[in-house]
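Here is the structure we will look at, set down as structure tokens.
Residue numbers (this note's numbering): 247 to 897.
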């Protein structure tokens with residue numbers, strides 16, 4: 247339950263069966279963002295219509311039928327960030343890099359072609375068929391309209407071919423969901439305004455960093471977590487304004503410390519030389535050391551009235567994670583400058599957006615994916631600099647279009663309300679295996695629901711959904727290379743949608759990457775620990791990942807970075823390194839917990855912030871502690887403090 251909200255209804259998730267609440271604030275938001283059109287003279291026998299004082303009609307968005315987790319899972323099943331393939335451009339025939347494997351039934355154009363005037367997405371426009379459901383028709387359009395090989399900003403990025411979902415990059419390699427960065431490698435998840443940052447996530451304004459996560463203004467730092475304003479630091483958690491610190495936790499403005507012990511400059515250098523020469527991997531020692539120190543219940547910075555984690559400069563954010571400059575939002579995951587929005591996954595500067603993925607700029611984005619600098623766009627995908635679209639794909643600089651067909655403003659405002667009413671009680675569409683792939687049961691409402699996951703162009707295990715909500719098949723049906731089957735939430739697999747029946751399913755990819763053409767493959771265990779012993783020839787080899795056994799290569803720029811910073815060659819595949827970093831994050835779930843500080847009650851009384859109703863007995867300590875909402879589950883072994891106790895302890 248969130249502050250200042252009254253539960254109006256408790257619903258059962260249509261997919262997983264979990265209970266979730268609808269509050270008065272939720273209903274106010276759904277009505278606020280519901281689209282308004284001129285009154286075409288309809289009667290009010292159809293539920294969900296509201297006559298406004300100005301004579302117009304508001305087409306009310308109903309409360310969701312899925313819980314917040316299942317809503318996010320459904321959106322993420324459309325998001326491929328890290329699986330790249332070599333294929334042919336369907337326009338030019340040349341070899342390109344794409345997020346779509348070559349066996350996908352979609353036309354795919356190289357970025358340069360897709361962003362050019364050599365084709366027009368309006369050529370694929372369709373009339374709306376009121377004898378079929380909307381999702382079925384959108385699925386057919388999805389098959390026809392050419393896809394861009396990699397989602398980006400077109401010519402805004404330079405020499406950054408292998409970077410997905412990013413913008414304003416220069417000389418970057420395998421960077422995803424990031425922007426305004428230069429010479430970064432294997433970075434992602436909101437890496438913003440960085441230079442020479444490698445294998446890192448959620449890093450901003452930093453340079454010459456490696457294996458860092460959640461950091462800002464770092465320089466020459468390695469293996470840092472939740473740290474800001476630091477330089478020449480390695481293996482640290484919760485460091486602020488520190489330099490030349492190694493293996494330290496929760497330090498402020500410190501210099502020349504090792505495992506939180508103060509040294510002189512010369513002593514520091516001698517001890518660091520010893521540590522580096524003695525062992526390759528000190529991670530276990532650091533993990534054992536850091537567990538003794540309290541963790542802040544939420545990693546939020548300069549926030550007011552926020553419930554969530556990873557929030558910066560934000561206000562009134564409920565159940566939101568990894569958002570910078572957010573305000574008045576709920577269920578938003580990863581974004582910048584997001585205002586007055588619900589249920590977003592990724593985004594930059596949208597206002598009044600709902601149940602969408604990657605809206606960037608603009609307002610009024612509903613049930614859409616990748617809508618950049620758009621206004622009043624509903625049920626659309628991959629549209630840019632456009633407004634007043636419904637059910638469109640791949641449009642640029644267009645207005646008043648439905649299913650990629652151009653209409654006048656008057657025609658648009660008459661037809662869209664009819665389609666919305668149709669979506670409220672759609673007919674059952676025929677199953678078209680290999681075409682739209684959308685099955686809608688008789689009478690099942692489409693209006694108010696994001697696209698069904700069966701319409702996604704990707705296998706579930708190709709998408710970010712697999713990272714947050716992993717599903718592994720109980721029985722693998724590999725078949726031919728690249729064959730797409732279906733998988734349900736329990737891991738049961740199916741050959742066709744008909745076989746799955748009424749069960750909600752996701753596509754599943756059985757593609758296995760071929761071994762790279764190299765001079766030799768070397769097991770990770772055979773790599774020398776010292777970078778000085780690595781020959782240039784390693785650029786012609788493949789390394790066998792010590793975890794997955796997948797081969798991977800080292801590129802020239804990467805080797806130069808390791809040599810410059812005296813770092814060992816990684817033993818793990820880039821995908822595994824990414825998963826390792828993601829495992830350092832807490833889940834995007836909130837748990838009720840009690841502050842573990844032994845003097846919590848006293849601390850709050852001393853600063854005049856004690857409210858008796860907020861304190862209960864902590865069964866682990868036997869002392870009264872403040873009730874907190876945190877991403878640390880109660881059964882976890884970490885010591886977790888409320889903000890007031892953490893600040894007293896650390897600062």
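Beta carbons: idealized from backbone N, C-alpha and C, even for Gly.
(1) Nearest by alpha-carbon distance to residue 871: which of 881, 538, 849 and 878 is it?
(2) Just the Cα atoms here: how many angstroms apart are residue 629 and residue 413?
(3) For residue 354, which residues from the same chain have a beta carbon less than 6 Å from its beta carbon, with the 5 sequence-adjacent residues on both sides left out?
(4) Does DSSP classify residue 866 as helix, strand or coil?
(5) If you drop the 5 nearest sequence neighbours on each side, which residues of the same chain put their C-beta closer than 7 Å to that of residue 754?
(6) Just reading off the alpha helix (DSSP H) that residue 827 is part of, what are its end residues?
(7) Tell me the residue span of the beta strand (DSSP E) that contains residue 492.
(8) Where residue 879 and residue 839 are concerned, what is the direct C-alpha to C-alpha distance, given to the nearest angstrom?
(9) Starting from residue 385, follow the alpha helix (DSSP H) in both directions and report where the run begins and ends.
(10) According to DSSP, what are the bridge partners of residue 617?
(11) Tell me residue 879's beta-bridge partners as DSSP assigns them.
(12) Please state the DSSP three-state secondary structure of residue 891.
(13) For the structure I just gave you, are there three or more beta carbon pairs, one from the region 844-858 and one from the region 503-513, closer than 8 Å?
(14) Output the boundary residues of the beta strand (DSSP E) element that contains residue 662.
(15) Suppose you measure from the CA of residue 644 to the CA of residue 633; what does that come to, to the nearest Å?
(16) Have a look at the DSSP bridge pairing and note the partners of residue 503.
(17) If you drop the 5 nearest sequence neighbours on each side, which residues of the same chain put their C-beta closer than 8 Å to that of residue 651?
(18) Can you have a look at residue 576 and say buried or exposed, based on whether 16 or more other CB atoms are within 10 angstroms of its CB?
(19) If we count Cβ pairs, one from each stretch, closer than 8 Å, do we get three or more for the region 400-409 versus the region 767-776?
(20) Taking all protein chains shown into account, do 16 or more other C-beta atoms lie within 10 angstroms of the C-beta of residue 668, making it buried, or fewer, making it exposed?
(21) In the DSSP assignment, the alpha helix (DSSP H) including residue 359 goes from what residue to what residue?
(22) DSSP three-state call for residue 807: helix, strand or coil?
(23) Taking 8 Å as the cut-off, decide whether the C-beta atoms of residue 827 and residue 447 are in contact.
(24) Tell me which same chain residues have a C-beta within less than 6 Å of the C-beta of residue 201, skipping the five on either side of it?
(25) Taking only the alpha-carbon atoms, compute the straight-line gap between residue 519 and residue 407 and give it to the nearest angstrom.
(26) Alpha carbon to alpha carbon, how far is residue 557 from residue 567?
(27) Let's see if you can read the secondary structure: which residues bound the beta strand (DSSP E) around residue 253?
(28) Thinking just about the alpha-carbon of each residue, which of 636, 638, 601 and 594 is nearest to the one in residue 619?
(29) Taking all protein chains shown into account, do 16 or more other C-beta atoms lie within 10 angstroms of the C-beta of residue 802, making it buried, or fewer, making it exposed?
(30) What whole-angstrom Cβ distance do residue 522 and residue 514 have, given they're in contact under 8 Å?
(31) Start and end of the beta strand (DSSP E) containing residue 789?
(32) Suppose only complete runs of 4+ residues qualify. What are the alpha helix (DSSP H) ranges in the region 265-324, listed by chain order?
(33) What distance in whole Å lies between the Cβ atoms of residue 417 and residue 433, which are believed to be in contact at a cut-off of 8 Å?
(34) What is the C-beta distance between residue 696 and residue 613, in whole angstroms, given that I count them as a contact (C-beta under 8 Å)?
(35) Give every residue of the same chain whose Cβ lies closer than 6 Å to the Cβ of residue 314, excluding the five residues on either side of it in the sequence, and list them in chain order.
(36) The alpha helix (DSSP H) that contains residue 743, what's its start and end?
Working from what's here:
(1) 849
(2) 15 Å
(3) 336, 344, 346, 393 and 395
(4) coil
(5) 705, 706, 707, 719, 730, 731, 732, 733 and 739
(6) 820-828
(7) 489-495
(8) 7 Å
(9) 380-390
(10) 605 and 629
(11) For residue 879, which the question treats as bridged, DSSP gives no partner whatsoever.
(12) helix
(13) no
(14) No beta strand (DSSP E) holds residue 662; the alpha helix (DSSP H) holding it covers 655-670.
(15) 7 Å
(16) 491 and 508
(17) 368, 371, 372 and 373
(18) buried
(19) no
(20) buried
(21) 357-360
(22) helix
(23) yes
(24) Nothing can be reported for residue 201, as the shown portion of the chain is limited to 247 through 897.
(25) 39 Å
(26) 6 Å
(27) 253-258
(28) 594
(29) exposed
(30) Actually they do not touch by this definition, with Cβ atoms about 12 Å apart.
(31) 787-790
(32) 270-279 and 314-322
(33) Actually they do not touch by this definition, with Cβ atoms about 13 Å apart.
(34) 5 Å
(35) 577
(36) 743-746
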